[in-house]
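See structure below.
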Amino acid sequence: MKTIAVFTLILLLSAGIVWAKEYEVQKKAGDLSVVVKMDKNPAVMGENGVSVIVKDSVGKEVTDAGVKIEYSMPAMPGMPAMNYGSVLALNKNVYQGKLNFSMSGPWNIVLKIVRGGGKTVSTKFSVDVQ
Ligand SMILES: [Cu+2]
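Basically the numbering used here = 1-based index in the sequence shown + 414.
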């Protein structure tokens with residue numbers, strides 16, 4: 415039994431390496447470039463981990479910014495518009511946080527980056543939540 419369990423675990427892990435590729439989006443926000451990764455692919459209802467790497471125009475990682483993600487779904491029959499926000503926290507040059515999707519379907523994501531002086535740049539993309 416133990417051997418079977420170990421084999422199953424190895425199969426699951428190797429399958430994970432091949433198939434569970436992170437969701438990744440690369441975008442420009444003003445003169446900054448960002449790489450957004452989500453730990454679930456496809457994104458799911460409930461909590462999804464998100465990480466963002468921000469680089470300046472010469473490719474240097476930006477670690478002094480405020481990074482926020484606003485995510486929303488427009489109103490639909492039987493459902494009012496939904497708007498949420500998540501402030502990401504810097505951890506070793508990566509901004510990390512969680513998005514909590516309350517229903518499946520397409521969500522609009524706005525990534526906002528504030529740097530010294532209060533200048534905000536943003537970029538948009540959408541995520542299809544399963
Ligand atoms: Cu909806």
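Ideal Cβ placement from N, Cα and C applies to all residues, glycine included.
In this structure, how does DSSP classify residue i when only helix, strand and coil are distinguished?
i    : result
G460 : strand
Q440 : strand
T534 : strand
G519 : strand
D542 : strand
K435 : coil
L446 : strand
A479 : coil
N497 : strand
S465 : strand
Taking 8 Å as the cut-off, is the beta-carbon of residue i closer than that to any non-hydrogen atom of ligand 1?
i    : result
M459 : no
M493 : yes
G519 : yes
M452 : no
CA-CA distance, residue i and residue j?
i    : j    : result
L504 : D478 : 9 Å
D445 : F539 : 17 Å
T534 : K526 : 7 Å
A489 : W521 : 11 Å
Y498 : V472 : 32 Å
M493 : K482 : 25 Å
G531 : D470 : 16 Å
V541 : N462 : 11 Å
Could you check whether residue j and residue i sit closer than 9 Å to each other, using their CB atoms as the reference points?
i    : j    : result
V439 : K451 : yes
V528 : V466 : no
M459 : M487 : no
N514 : S500 : yes
V524 : A457 : no
L502 : V464 : yes
K435 : N455 : yes
Counting only beta-carbon atoms, is residue i nearer than 9 Å to chain C?
i    : result
E436 : Absent here is chain C; the protein component of the structure consists of one chain.
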